[in-house]
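According to the working numbering, the sequence shown holds residues 1336 to 1693 in order. Just so it is clear, CB atoms sit at the ideal spot from N, CA and C, and this is done for glycine as well. Since this is a predicted model, take the numbers as computed values, not measurements.
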Amino acid sequence: MGKRTSKWAAPSDAEVRLDEVAAAFEEGSFEEALAGVEALLAEAPGLAEALHWRAAILAELGRIEESLEAYARALKAAPEDLELLLGAAECLVGRAGDDREAVEEGLTLCSRGKKLAQRAGDVELLFEFLLLEGTGLNQVGECARAMASLEAALGHVPKSVEARLERAISLFELCRFPEAQAAFEEVLKDAADEPWAHHYLGLLAERRGDGKEARKRFGKAQALAPEEFPPPVELGEEAFDKAVEDAVKALPGHVKEYLDNVTIAVEEIPKDEDLLGESPPLSPCILGVFRGSPVGERNSILGGFDPYPASIVLYQKNLERFAKTREELIEQIGITVMHEVGHLMGLDEDDLWQRGLD
């Protein structure tokens, strides 16, 4: 981070102390760095560079909520500081987990950062904002928009492995499978040990029915990044079906009434026709899908006869990869059943997200 100015008076030795904080940070001595920066902020509470360091240190310590609060405070002191904007956006997009609201807030900061970087002629930071924007848009399922951001990023840094990888993920999510295959293979030419590229090539092999290649790719990803890619929780057909039955039984009585003429099935992974039946297409990693007409629309079709019987399908392999433990898998099966029943009842994705069923 560069040197900042502030309307608050800084101690005469602030620059030396900030250098010490930076040195401790670079060494991974985050508690020491935090103690140093907090001592400095006790004397100069509005010193923007110190506020930035405190936010970055808290993020490294995994204290994400405190880090986000610290970034908000720092941005009040220096609202147009590009590095600060980038750090706050990275925390929101990359560290806040599956919090959609946090990612969307991070995307807002990316938009602001892009404009400021363009105005300042800072190509390096413009690239970083575009890359982060593409990553965040992929996370919230806006993959076509992500492609535009990532291609703009690659226009500035064509060889970026990270941007090329993220673009390949966009292609996969948009069901452009041959292009995604070629893009992931190109990434591996420059980064042979990129675990995400191996993982996605495993997913693509699985879709082609090439089990041997899929196992090889998944094994490679797990060996390279065991925390990111633990072995899937496998229930087996009978136990999985039992978990689905239990999830249906656990639905509220008034909800189960809607299932009288609905088929509930389990398939390994989504078929192309299920994914491409929507525009934009559904993600190949979806956990389940509702097929047919919502309850409120069915009675109006052909005088009460629905030529497209409703069904709910759960995708076993996707669910097993999603979960880290047996308990989490069973819980997620229940959430997925409820999610698809929500579609049956006419709720859209925003409605389901507001109810915590996304």
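Cut-off 8 Å between Cβ atoms - residues of its own chain near residue i, not counting five sequence neighbours on either side
{"i": "Glu1355", "result": "Gly1371"}
{"i": "Trp1388", "result": "Met1336, Leu1353, Val1356, Ala1357, Phe1360, Ala1368, Val1372"}
{"i": "Leu1376", "result": "Leu1382, Ala1385, Leu1386, Arg1389"}
Secondary structure of residue i, DSSP reduced to three states
{"i": "Ala1367", "result": "According to the sequence as given, residue 1367 is Glu; it is not Ala. Correct three-state label for Glu1367: helix."}
{"i": "Arg1435", "result": "helix"}
{"i": "Ala1407", "result": "helix"}
{"i": "Thr1598", "result": "strand"}
{"i": "Leu1467", "result": "helix"}
{"i": "Glu1501", "result": "helix"}
{"i": "Glu1562", "result": "coil"}
{"i": "Val1579", "result": "helix"}
{"i": "Pro1714", "result": "Since the first and last residues shown for the chain are 1336 and 1693, residue 1714 lies out of range."}
{"i": "Lys1494", "result": "coil"}
{"i": "Thr1443", "result": "helix"}
{"i": "Met1680", "result": "coil"}
{"i": "Lys1695", "result": "What is shown of the chain runs 1336 to 1693, which leaves residue 1695 out entirely."}
{"i": "Cys1478", "result": "helix"}
{"i": "Gly1669", "result": "helix"}
{"i": "Ile1621", "result": "coil"}
{"i": "Gly1638", "result": "Note that Gly1638 has pLDDT 48, beneath the 50 cutoff, so the model's placement of it is unreliable and the number below is only indicative. Looking at Gly1638 - three-state DSSP - the assignment turns out to be helix."}
{"i": "Glu1361", "result": "helix"}
{"i": "Ser1347", "result": "coil"}
{"i": "Leu1382", "result": "coil"}
Between the CA atoms of residue j and residue i - distance to the nearest angstrom
{"i": "Ala1658", "j": "Ile1665", "result": "9 Å"}
{"i": "Leu1417", "j": "Pro1587", "result": "50 Å"}
{"i": "His1534", "j": "Asp1528", "result": "11 Å"}
{"i": "Arg1447", "j": "Gly1546", "result": "45 Å"}
{"i": "Ser1635", "j": "Ser1495", "result": "Note on Ser1635: pLDDT 48, under 50, position unreliable in the model; the coordinate value appears next. When rounded, the distance between both Cα atoms is 53 Å."}
{"i": "Lys1449", "j": "Val1522", "result": "26 Å"}
{"i": "His1491", "j": "Gly1627", "result": "45 Å"}
{"i": "Ala1349", "j": "Ala1424", "result": "26 Å"}
{"i": "Glu1562", "j": "Asp1595", "result": "42 Å"}
{"i": "Glu1663", "j": "Val1590", "result": "23 Å"}
{"i": "Glu1415", "j": "Ala1532", "result": "35 Å"}
{"i": "Leu1396", "j": "Phe1365", "result": "7 Å"}
{"i": "Pro1565", "j": "Arg1661", "result": "13 Å"}
{"i": "Ala1383", "j": "Leu1472", "result": "29 Å"}
{"i": "Glu1378", "j": "Ser1347", "result": "11 Å"}
{"i": "Phe1575", "j": "Leu1536", "result": "26 Å"}
{"i": "Ala1578", "j": "Ile1670", "result": "12 Å"}
{"i": "Gly1554", "j": "Glu1548", "result": "10 Å"}
{"i": "Lys1524", "j": "Ala1518", "result": "10 Å"}
Bridge-paired residues (DSSP) for residue i
{"i": "Glu1608", "result": "Bridge partners of Glu1608: none, in fact."}
{"i": "Arg1626", "result": "Ser1646"}
Same chain, Cβ closer than 6 Å to residue i, five either side skipped, listed in chain order
{"i": "Ala1498", "result": "Leu1466, Leu1485, Ala1488, Leu1489"}
{"i": "Gln1474", "result": "Val1438"}
{"i": "Gly1469", "result": "Ala1481, Ser1484, Leu1485, Glu1501"}
{"i": "Ala1368", "result": "Val1356, Ala1359, Phe1360, Ile1392"}
{"i": "Ser1402", "result": "Ala1390, Leu1393, Ala1394, Cys1426"}
{"i": "Ser1618", "result": "Glu1508"}
{"i": "Val1568", "result": "Glu1655, Ala1658, Arg1661, Leu1664"}
{"i": "Leu1637", "result": "Since pLDDT at Leu1637 reaches only 45, below the 50 mark, its modelled position is unreliable, and the value read off the structure follows with that caveat. Here the set comprises nothing."}
{"i": "Ala1526", "result": "Val1496"}
Neighbourhood of residue i by C-beta, 7 Å cutoff - its chain only, sequence neighbours within 5 removed
{"i": "Leu1509", "result": "Cys1478, Ala1479, Pro1615, Pro1616"}
{"i": "Lys1411", "result": "none"}
{"i": "Asn1653", "result": "Ile1604, Cys1620, Ile1621, Leu1622"}
{"i": "Arg1408", "result": "Leu1386"}
{"i": "Val1597", "result": "Ala1645, Ser1646, Ile1647, Leu1679"}
{"i": "Phe1696", "result": "For residue 1696 there is no data in the structure shown, the boundaries of the chain being 1336 and 1693."}
{"i": "Ala1560", "result": "Pro1530"}
Any non-hydrogen atom of the ligand NAD within 7 Å of residue i CB
{"i": "Val1624", "result": "Of the ligands one can find in the structure shown there are none, so the ligand NAD has no counterpart to examine."}
Residue i at chain C interface by Cβ criterion, 8 Å
{"i": "Ala1556", "result": "Of the protein chains in the structure, only one exists, and it is not chain C."}
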